[in-house]
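All letters in the sequence shown, in the order written, are residues 1322 to 2041 by our numbering.
Here a beta-carbon is modelled for each residue, glycine too, at the ideal position from N, C-alpha and C.
Remember, predicted model here, so these are calculated numbers, not experimental data.
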Amino acid sequence: MDMVKQLAQELGLREEQVAAAVRLIDEGNTIPFIARYRKEVTGSMEDTALRELDDRLGYLRNLEKRKSEVLSAIGEQGKLTPELEASVAAAQTLAVVEDLYRPYKQKRRTRGSIAREKGLEPLAAAIFAQSTLADPLVMARDYLSEEKGVDSPEAALAGALDIIAEDLSDDAAIRGELRRLIHTDGLVACAGEGQEGGTYAMYQDFSEPVGRIAPHRVLAINRGVKEGALKAAIQLPEEKAVGLICRRVVTAKNPCARAVETAARDSWKRLIAPSVENETFSTLFEAASEQAIKVFGENLHHLLMQPPVKDQVVLGLDPGYRNGCKIAVVDGTGRVLDTTVVYPTQPYNRVEESKKKLAALIKKHRVTVVSIGNGTASRESEQLVAELIRDLGPDHRPAVSYMVVSEAGASVYSASKLASEEFPQFDVNLRSAVSIARRLQDPLAELVKIDPKAIGIGQYQHDMPPARLESALGGVVESCVNSVGVDLNTASGPLLGHVAGINSAIAKNIVAYREENGGFTARSQLLKVPKLGKKTYEQCAGFLRIPGAKNPLDATAVHPESYTAAKALLEECGWKLADVGTAAIRELPAQVEGKGIGTLARQLGVGEPTIRDIIDELLKPGRDPRDTLPPPLLRTDVMELKDLKPEMILTGTVRNVIDFGAFVDIGVHEDGLVHVSQLADRFVKHPSQVVKVGDIVKVKVLEVDMKRKRISLTMKGLGQ
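Written out as structure tokens, the structure is:
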């Protein structure tokens, strides 16, 4: 089947859409650029659809390449038949291609190949034909050879059966049927030893059908096996497997047929079962990884797109024991105003001194929000801040007291390392406090500096195939950055590096050019940046904003290639560039509808989707899509795990969504779990159908396990 036609059928798209998108991708255009600025060409395909197409296109092209390699290799052996060529051409997966190629691969010496070297292949063929009533052991006497090491009929027969067993193992049709049988009748079974209530307690005597096992269980078992805590196997009754093979190859009722059945049993037990067991685990892990990566990607998208807390003076506090608690105060633009270190925790216990320092900073800089990281000493730090704020008078009390930033310590450290160029005067600990404060002010700008795997919103992310995970998450970050847009004069190097068409080297060159020449005053100046050529400019320009630029369009998402059309549109409706973003221009949409958007599009030489996008930008230049989302929940209350009681109803923030539920921050340092069965008063197939990272939800406490620090929550019956 033609690849474009196949992609169109698989993805539910029109063939002309697919053909156009493939052509644009092959021309070196980025997904964000195609999605935003080539809507007329692709029929307004969205970013996610384009990425899915690009991913599937890559697989199909790799499949075609592998088919070509296999056909060439078999052809060089002189064994390529029209039937085999047709089978390879029709293969829909790499697994089927490899099955077809299996008999022709160069193998290490096996029992079957050794038997062939001894001249026993004709005996194997005669037995497999099952066309004689002769006893195979009698037939084997004709193949005795002292020279070849065949010294008895029994040895000759054993060698012949080894050849048959190997041929059966290499049969693509048999392997395909056995895969299907394992999927319908096989069990994933595992066992292990450990303490009751341990990490893998539920898997110590566990089995579940291959076709129904949940992805998160596959990942848990995989990790348990890697850690040596579990042993796992694929169980399939031997008689079912051998019976399937025999139904295909046993064609008579005679001694030779019984010998073939013996070979079939040996083939399953010795050759096929270990192989398909590995394949099955590999397939299950691959599918589970894709599901986990998908969920991780959705979590990351919602985390990155959380609304920023704008125009607030933030005090960032990175908790610690030995090195103290690092403090940084930043203004509404992220500029560092002050830094210090306090030592309220063990082994110093300078509580009162720490309170005085914090109070002085809050009063001096009129701090409105305190952001606390979740390091090892975060609980003590929360209590310190809570006591301090209660002691402050109303004139100095922050409007919002604190927010626990749910990040792994590794992610804060990762971000602080990237901040070393911007803040060389600070040590790594103080830079992490700056990162915490800025993370609250603009999650996207700060979190792009961090390896996504280090942000605690995934599920077994460190077990995922690294290249696949990096590709998928990189696409999510790229999509978010470009949908929001980037201020060309304030963006960090890491943030610029995620703009369409810009790599890390060009991002550094942009920052260097900015430092040497002052801020950009026009998008066209980008062409003066070293290594930023016309193609890169085409891809990135529309996503880079210059607030306050002489040309108001430079502050919008209107692409420079559409400036002429935008100006002509304004003139046609009686407006000027100076009117962009003003209240008066709100009449523009009605004017365009009155003149006919199709007529204007033809007159201006652009498509209707581009006209609509231009109008949106002229009305609200440089708008941030995050501003329309609910603001983050900032708490003023402080609770501890011991304060929680069953039936308590609380408000919390969804911090992580995984296959079996969602973790919700309810302000007690430990996130509570809402199991998938407790998410709604209806059946929920996957938690992502109900909640997403950043959602503010009502929850009721079901149970608190103080020993294991686990909180069970429900969202049922709370009228979300």
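Using the Cβ count rule (16 or more neighbours within 10 Å means buried), how would you classify Glu-1703?
buried
Which same chain residues, not among the five before or five after Gln-1556, have their C-beta less than 6 angstroms away from its C-beta?
Leu-1508 and Ala-1510
Does the stretch 1953 to 1967 come close enough to the stretch 1921 to 1940 that 3 or more CB-CB pairs lie under 8 angstroms?
no
For Ala-1554, which of helix, strand or coil comes out of DSSP?
strand
Whose C-alpha, out of Val-1325, Arg-1496, Lys-1439 and Asp-1483, is nearest the C-alpha of Glu-1293?
For residue 1293 there is no data in the structure shown, the boundaries of the chain being 1322 and 2041.
Residue environment, Gln-1633, which counts as buried when at least 16 other CB atoms sit within 10 Å:
buried
Could you check the C-alpha separation between Thr-1877 and Leu-1890 for me, to the nearest Å?
15 angstroms
If Asp-1472 sits next to Leu-1465, beta carbons under 8 angstroms apart, how far is it from one beta carbon to the other, in whole angstroms?
7 angstroms
At what residue ranges does the stretch 1748 to 1824 contain a whole run of the alpha helix (DSSP H), taking only runs of 4 or more?
1749 to 1762, 1764 to 1768, 1787 to 1805 and 1814 to 1817
Which one or two residues does DSSP pair with Ser-1528 in a beta bridge?
Ala-1510
Determine which residues share a DSSP beta bridge with Thr-1974 and list them.
Asp-1986 and Ile-2017
Considering only the beta carbon of each residue, do Ile-1484 and Ala-1450 sit closer than 8 angstroms?
no
Is it a yes or a no for the stretch 1980 to 1989 touching the stretch 2022 to 2040, going by three-plus beta-carbon pairs under 8 angstroms?
yes
Please look up how many angstroms separate the CB atoms of Thr-1972 and Lys-2019, rounded, as I've assumed it's under 8 angstroms.
6 angstroms
Determine the contact status of Pro-1967 and Val-1901, defining contact as a CB-CB distance below 8 angstroms.
no
Bridge-paired residues (DSSP) for Cys-1646
Val-1663
Beta-carbon contacts of Ala-1584 that lie in its chain and below 6 angstroms, excluding the five residues immediately before and after
Leu-1482, Ile-1485 and Ala-1486
Using DSSP's beta-bridge definition, name the partner residues of Leu-1865.
Val-1807
In whole angstroms, what separates the C-alpha of Arg-1944 from that of Val-1805?
8 angstroms
Measuring CB to CB, does Thr-1453 end up less than 8 angstroms from Cys-1567?
no
Taking all protein chains shown into account, decide if Gln-1330 is buried (16 or more other Cβ within 10 angstroms of its Cβ) or exposed.
exposed
Less than 8 angstroms between the C-beta atoms of Glu-1374 and Val-1325, yes or no?
The question names Glu, but residue 1374 is Leu in the sequence shown. Going by C-beta atoms, Leu-1374 is not nearer than 8 angstroms to Val-1325.
What does a CB cutoff of less than 6 angstroms around Arg-1866 pick up in its chain, not counting 5 residues either side in sequence?
Gly-1806, Asp-1808, Ala-1876 and Gly-1943
Distance, Cα to Cα, Glu-1728 vs Gly-1714?
Its pLDDT being 46, under 50, Glu-1728 is placed unreliably in this model, and the value from its coordinates should be taken loosely. Cα to Cα, Glu-1728 sits roughly 31 angstroms from Gly-1714.
Helix, strand or coil for His-1623 per DSSP?
helix
Measuring alpha carbon to alpha carbon, tell me which of Arg-1432, Gly-1919, Ser-1408 and Arg-1544 ends up nearest Phe-1606.
Arg-1544
Given 8 angstroms as the limit, is there contact between the stretch 1826 to 1835 and the stretch 1656 to 1672, that is, 3 or more CB pairs closer than that?
no
Using 8 angstroms as the Cβ pair cut-off and three pairs as the minimum, do the stretch 1516 to 1531 and the stretch 1492 to 1501 touch?
no
Candidates Ile-1710, Arg-1423, Pro-1719 and Ala-1553: closest to Arg-1496 by CA position:
Arg-1423
With three or more C-beta pairs closer than 8 angstroms as the rule, is the stretch 1533 to 1547 touching the stretch 1617 to 1624?
no
Is Glu-2047 helix, strand or coil when you go by DSSP?
As displayed, the chain neither begins before 1322 nor continues past 2041, which places residue 2047 out of reach and without an answer.
Tell me the rounded alpha-carbon separation between Met-1792 and Ala-1887.
For clarity, residue 1792 is Ser in the given sequence; the question names Met instead. Distance between the alpha carbons of Ser-1792 and Ala-1887 is about 35 angstroms.
Is the Cβ-Cβ distance between Val-1975 and Glu-1938 less than 8 angstroms?
no
Which residues does DSSP list as the beta-bridge partners of Val-2043?
Absent from the structure is residue 2043, since the part of the chain shown begins at 1322 and ends at 2041.
Going by DSSP, what residue range makes up the alpha helix (DSSP H) through Gly-1943?
Taken as a continuous stretch (DSSP letters only), Gly-1943 belongs to no alpha helix (DSSP H), as it is neither H nor E.
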